[in-house]
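What follows is one structure encoded as structure tokens, with my remarks underneath.
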Amino acid sequence: MALWTMILRKMANNKWLQLNLWFGLTVCVALFSSMPLYSDAILERTLQKELQLVQSKNSVFPGYVRVSTSVSSAKMDQKTAQAIERADRYIQSIPERMGLEALSFYQQRFTQKMKVYGADASEQEKKTQKTTGGFKALSDMDKRVRLIDGRMPVDRTDGLFEAVVTEKFLNSVKRDLGEELLAETADKHLFRVIPVGIIDTDPAADPYLPFLATDEPDGFLIPFRQFEREFMAKDGKVRVSDLEWRYALDYKQMSIDKIGAFTEANRAIRSYFRGRLGSAEINIPANETIASYQGKQEKLDVMMLSLYSPVMLMLAFYLFMAANLVIERQKTEISVLRSRGASRLQIMTAYTLESLMLGISALAVGPFLGVTFTKILGASGGFLEFVQRSALEVSLTSNAYKVAAAAVAGAIVLILIPAFLATRVSIVNHKQQAARMTRMSFWHKTGIDILLVGLALYLLYNFNNRQQDLKRLALDSDALQVDPLLFLMPALFALGAGLLVLRIYPWFIRLVYWAGRKWWPPALYNTLIQISRSSGQYLTIKVFLILTVSTGLFSANAARTINDNMESKIQYNIGADMTLTTRWESDAPPPIQQGAEPPNQTAQESGEKRVQYTEPPFQPFRELSGLEASAKVFRKEGARFSAGGAKKTNGAATLVGIDTKDFGETAWMKDGLLDYPINSYLNLMATNPKAVLISQSLADAAKVKPGDPISLYWDGLDEALFTVYGIIDYWPGWNPLPAAGGEERPTKPNLIVGNLSTIQNRLAVEPYEVWLKLKDGVSSQSIYDQLTAAKINVTGLHDSKQELIASKNDPFRLAINGVMTLGFVISMLISFFGFLLFWVLALSGRTLQYGVLRAMGIPFPQIIGMLLSEQLLTSGAAVIIGVLIGNRISELFVPLFEMSFATAEQVPPFQIVYKLSDYLQLYSIVGLTLTVGLLILGYRLSRTRIAQALKLGEE
């Protein structure tokens, strides 16, 4: 009890320090808990959206499961009957295996097909009748079909079968309802069947899993119980040929933690039915989408950890600094306890219990703060940018608490280190250390700063080599996959470089002091002596500010670069806001149906004949509401060219035909890709209908320069002569990079851009693309609706706006933008509280010094001047150092993000993006933090009383 009393009194005496320590622990818990919360929430949201796309694209319910199998057994023996019973039981376990509730279920049975004819049919009719059908059974038949005429069948035991049939089947046997039919097997066994009702599909019966009568329109649908009795029992009257089960599972219950169970169930179902009864067919449309998410959570967690690494580094510094300040104030007490017989174990037990109290309270609050952090991540659209997006559905999980508990345990170990070190010091050693403020810090003594810089530069060297290999071999990747080290390396470099500069900085201060020691005013003179003699005292706060500013600049530049390059790639590849193709009428022969014989052709007719197209009207596109501009863009892959001097060079190229005015108003082109603005090239082409632009690759291969002639044609056409007017490296919608592959010298593609009217007049009229530029604020859906209303037959469409939205909603990109924003905000909060904590305690420790100075007659404005100059030479210098290191980090490490993009598709080329607004935001936030901190310090200093400062016993 005495121990608890001592702990509580100690915490009460240092309540503000303890509050800062608790704040750091709580933020630490929130950060760590937000990682699994975010990965679960964002992946579940994107998974649900992709499952909904399965329904919109494939017109099938995302939870649809269909299992069908043939029955290879020639007769229904006991072994086959038991195998079917086991299969039925297995099917019933599918919802539990997949972890999803069944919204609907039905099963069907089918017998072998038999010849069907009327009971009163003549021998001639029996011979000519081609209609076949078998018996079918549907579970819950009366609830799933729509009765058009007649009644539902009843289960009869007198040898007659009552059945419902489709109207198509009844018409094929040329009989009416109530007329007896005969079904004859191959071995001449006859079944008497009376059709009593006509059925059709009833979509309203089951919105999730409607029974489609048109799937199997031929045959007799009889009561399920009768089918089981007559055909499924041992020695059934006719062979059962097929079995089918269908489920509609509640896909909205699908979560990330159920993906493993779902994919395992899918594998198990396929394995179970493979050859068990016969040939099986398993159809689970959502399986491919769900399986693609396996492993994504682990990758996202690793990325989140790497993204958070700079913030965690800050938190570690903050916790260590706060714990160290607490221990510094209690070192005298600790040394006295040690000198009076207290063991190190007893002292460490007290501090451990104190830390556990803070940790448990942080663990109680931190996860809920983590939920808030997660929602902020989901709303981020860029660095320090937020958009109106539906909030993430976040719920606390046991995994989040496990991660948070591990974070608390690690943080407690960290904050106990100063206490452990303090227990080794006696009262005499403590007084000696207090008098020696110029000793070298642990970081500089061990050379950690040099090691960190060296490690970061070594990793940078390896990454640069990898990047060169990717470019040289034109290797490809399918998606944005950011290496976690890309975020850890800059943090290591920032910390190492900051410590390295701070190793030299005290010598710089001493040089400044020595250079102007005869002219410095008293306030600055005092400040220079104070900083040069106590450089280790300011180390932590300066590292704080350097890390905050440098990683903030890196985060801003990295996020801006990733976002800009991804968006530029999408806009460049599409070429405009929207591009589409429409159906053109032509004299091309209809495609030959599979299995059909090709028509007979004469020798002349069998020769190649050019397809003649009829150009549809373009005016409907110009009349679309909300459109700013539209253009015709003809693209012909594999066009042939012939150019050069006496030794002609022939080859293939992509031919693009445009109307220069419309194209210039419609197309999107990034500035700086061409030697001159794109409109200058278009104006140049407009002066001559035969003018063309060629790619640099073609100019190099054919040794062609502006003014040279070039001939163009493609299969079945005569050559047409054009004149080269310009050479270009890039063009909207054209990729100048070689195709992905492992070739040592991959071939570069060629491009020729000409006037569309000339190409159509001198070569041929063939289908072109329609490029559209939308007015600001116009939605894509409004254009879609107008195209539908105008009955324009669109055969292909690319929408840059929708692709940009999909890109921004990518979980990995959301993580990058969100964590960088959140990390910077948290870093600023930590720096602000750390700044206040450090300087408030520093002022408290120097109260006597300021009191003596005031008593000596130094006016208060000069005291403020001393404080201001001290801030400028410590915090101000740290900010400047942070800016310089941040810019250097951006130059060194941001280019490495190029490896995260598909190298063979990264057009326009990867470019580092700096935005002035990011710098202004950063400087404003840092400046506001320092200003508020200085105002609080100045206010506290103004409240200091000389008599209180000079009280006896201070030293």
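Take 29 as the starting number for the sequence shown in the numbering used here and just add one per residue. We treat Cβ as the ideally placed atom computed from N, Cα and C, and that holds for glycine. What you are looking at is a predicted structure, and each value in this text was computed from that prediction instead of being measured.
- For the pair M126 and F290, the CB atoms are nearer than the 8 Å cut-off.
- Between the C-alpha atoms of Y118 and G91 there is a straight-line separation of about 18 Å.
- With respect to F89, L488 sits apart: the two C-beta atoms are not nearer than 8 Å.
- Y275 sits in a strand when the DSSP states are folded into three classes.
- In this structure, G52 lies away from L397, with their beta-carbon atoms at least 8 Å apart.
- For E613, the beta-bridge partners assigned by DSSP are T642.
- Taking the CA atoms as reference points, K164 sits about 24 Å from S121.
- DSSP links E309 through a beta bridge to S96.
- Counting only residues of its own chain and dropping the five nearest sequence neighbours on each side, A551 has a CB closer than 7 Å to the CB of Q890, G893, M894, S897.
- Residue burial is scored here from C-beta neighbours: W273 has at least 16 other C-beta atoms within 10 angstroms and is therefore classed as buried.
- Contact between G178 and G247 does not hold, since their C-beta atoms are separated by about 16 Å, which reaches or exceeds 8 Å.
- For Q322, no alpha helix (DSSP H) segment is defined, and its DSSP state is neither H nor E.
- Distance from the CA atom of F669 to the CA atom of V941, rounded to whole angstroms, is 38 Å.
- In the DSSP assignment, I686 is bridged to V661, N783.
- Bounds of the beta strand (DSSP E) holding G754 are 748-756.
- Comparing alpha carbon positions, the residue from F691, K202, K280, S739 closest to A667 is S739.
- A191 has P223 as its beta-bridge partners, per DSSP.
- With fewer than 16 other CB atoms across the displayed protein chains lying within 10 angstroms of its CB, T775 is exposed.
- When beta bridges are read from the DSSP output, R172 appears opposite no residue.
- For Q135, DSSP records a beta bridge to W273.
- Exposure of Q281 is indicated by the presence of fewer than 16 other C-beta atoms within 10 angstroms of its C-beta.
- Membership of K836 in the alpha helix (DSSP H) is indicated by the continuous run 828-836.
- Under the DSSP assignment, F888 falls outside any beta strand (DSSP E), being part of the alpha helix (DSSP H) whose first and last residues are 888-899.
- With respect to the C-alpha of L405, the residue from E421, I706, P717 having the closest C-alpha is E421.
- Here E207 carries a coil assignment [DSSP, helix/strand/coil].
- Secondary structure in the segment 372-451: the alpha helix (DSSP H) runs of 4 residues or longer, each lying completely within the stretch, are 372-407, 426-450 in chain order.
- Membership of Y145 in the beta strand (DSSP E) is indicated by the continuous run 142-146.
- The C-beta of W762 has 16 or more other C-beta atoms within 10 Å across all chains shown, which makes the residue buried.
- According to DSSP, residue pairing for E212 in a beta bridge involves K143, L218.
- L871 is positioned such that its CB atom lies no closer than 8 Å to that of L958.
- In the three-state reduction of the DSSP assignment, F89 falls in the coil class, being assigned neither a helical nor a strand state.
- Taking a C-beta distance under 8 Å as the contact criterion, S67 and V431 do not qualify as a contact pair.
- By the 16-neighbour rule on beta-carbons within 10 angstroms, E643 is exposed.
- As the crow flies, the alpha-carbon of A905 is around 14 Å from that of F863.
- In the three-state reduction of the DSSP assignment, G862 falls in the helix class, which pools H, G and I.
- DSSP, reduced to helix, strand and coil, places W762 within a strand of the structure shown.
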